[in-house]
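Below you'll find the structure, written out as structure tokens, and then a few comments.
Numbering (my numbering), first residue to last: 111 to 280.
Structural data, given as structure tokens:
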């Protein structure tokens, strides 16, 4: 099986929660990741910051002092990143501080899904602003031309298009 690297800033935020001890951010599932069985299988590594892997039930338990963050990934393949709730004032400051931190993870066993592709549109900061459902290349061209024709790039920077083959994780 292969590996992939993605930054927190490239993942969609699904939820921000505050508990008694910690706050945590729930991100969308890691793309094409192998199926995880627990929060402790060791196949995910977060770079550039002291982190510890935990199980979902421990998201609101005090993080050991030698770590800045605790993370969990379970069968839903959603990564949950926990931190002391006094560390950041709000969701946006937390996201700003981690957006460039990368996550390395194992890919699942991938099988091509027909002649379909995903189109991912990113702004000039590298943040995902749009993602299509699986579609053909002809449909993708229409989406690109629509974005190019309807968006004023002088006000919002340039757009970057990423075309990814659609796979099914077996």
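All C-beta atoms in this analysis are idealised placements derived from N, C-alpha and C, irrespective of residue type, glycine included.
Next on the checklist: Could you pull the DSSP bridge partners for residue 198 from this structure?
Outcome noted: Paired residue(s): none; residue 198 is not in a bridge.
Next on the checklist: Can you give me the C-alpha to C-alpha distance between residue 164 and residue 273, rounded to a whole angstrom?
Outcome noted: 34 Å
Checklist entry - Who are the Cβ neighbours of residue 268 in its own chain at under 7 Å, not counting the five residues just before and after it? => result 234
Next on the checklist: I'd like to know if the region 231-247 and the region 138-145 are in contact, where contact means that at least 3 CB-CB pairs between them fall below 8 Å.
Outcome noted: no
Item to check | 8 Å contact criterion, which residue 113 and residue 218 should meet: CB distance rounded | outcome: Their Cβ separation, rounded to whole angstroms, is 11 Å, which puts residue 113 and residue 218 out of contact at 8 Å.
Checklist entry - If you count every other CB in all the chains shown that lies within 10 Å of the CB of residue 120, and 16 or more means buried, which is it? => result buried
Checklist entry - Are the beta-carbon atoms of residue 180 and residue 169 separated by less than 9 Å? => result yes
Checklist entry - With 16 other CB atoms within 10 Å as the buried threshold, where does residue 132 fall? => result buried
Next on the checklist: Excluding the 5 residues flanking residue 239 on each side, which residues of the same chain have their C-beta closer than 7 Å to its C-beta?
Outcome noted: 231, 232 and 233
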